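Heads up: take any position in the sequence shown, counting from 1, add 1412, and you land on our numbering. Backbone N, C-alpha and C fix where the C-beta goes; we use that ideal spot for every residue, glycine too. All of these numbers come straight from a predicted model, not from anything done at the bench.
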Amino acid sequence: MGINAYKFHTYKGGQADIPIFRQVRREVGPDYELINDPVCSYDLREAIEVGHVMEELNFVWLEEPFHEQKMNLYQELCRELTIPVMANEMLMHDVGLSAQWLIHGATDRLRANARHGTTQVLKMAHFAELYGANVELNGQGGLFGLLHAHLGCCIDNTDFYENFFMNADGNRRQGEEWGLLNGLVIEDGHVTPPAGPGWGAEWDEKRFQSLVVAEH
């Protein structure tokens, strides 16, 4: 099936991450896409230090290294690094706030999730496009991955589909458990959503009924 990129969530801190990143880069070669999301486990100093190592190792971006309460720290980080910083995950529910962060140089890419509305995702994508920036979708999205797969196909300025499962067909398998008949296909590192009406989902109604525990 192929997984063409990998995102780190180590929670170990910057000093522990650096040797891990160097070793993985040696193992996978110079061209494999690597991303770092330390999930707010760095401070500014660590983020700058690790960010420079990531530049050296040709990482794609640095995501949410510390909490978003202080825009000025993210502005400083973005000025210090040449690698893109993606900083608005806790703000992605709000198009206006996310737009301000991009305008004021506190993030280089925008995070978005369709649980806040598909129209909002498209607004954010179009806004980012005006600034020459990407929007990257957070997780696989609803309907066992179908929502973000469809949105990814219709947004020009996005590069990745994020799959939380260790196995590339995890979305499809989970969907089948709930009666989804035509789950997401990931093959050779590319995602293909179904082409039917709406989000394209087809359901096994008998399977649905077998899962009902109460009716009100």
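Less than 8 Å between C-beta atoms, sequence neighbours within five positions excluded: which residues of the same chain meet that for K1424? If the five residues before and after K1424 are omitted, its C-beta is found closer than 8 Å to the C-beta atoms of I1432, S1453, all from its own chain and listed in chain order.
Q) Is it true that the stretch 1447–1466 meets the stretch 1476–1487, where meeting means three or more beta-carbon pairs spaced less than 8 Å apart? A) yes
query = Just checking my contact of Q1487 with A1518 at CB under 8 Å: how many whole Å lie between their CB atoms?
reply = 5 Å
Does DSSP put W1590 in a helix, in a strand, or in coil? coil
Next item on the list: State the Cα-Cα distance for the pair H1602 and C1566, rounded to the nearest angstrom.
Entry: 14 Å
> Roughly how many angstroms separate the alpha carbons of V1533 and A1526, rounded to a whole number?
Replying inline: 6 Å
Exercise. Could you spell out where the beta strand (DSSP E) holding L1522 opens and where it closes?
Key: 1522–1524
- Relative to the alpha-carbon of S1622, which residue among E1589, R1523, H1560, G1595 has its alpha-carbon at the smallest distance? E1589
Subject >> G1557 versus N1500 - alpha carbon distance >> reply: 22 Å
For G1494, three-class secondary structure by DSSP | Note that residue 1494 corresponds to Thr in the displayed sequence, not to Gly. Assigned with DSSP and collapsed to three states, T1494 falls in coil, not helix or strand.
Checklist line | Identified DSSP bridge partners for L1549 | finding: A1524, per the DSSP bridge assignment.
Those runs of the alpha helix (DSSP H) which lie wholly inside the stretch 1414–1486 and span at least 4 residues: Counting only runs of 4 or more, we get 1426–1440, 1456–1468.
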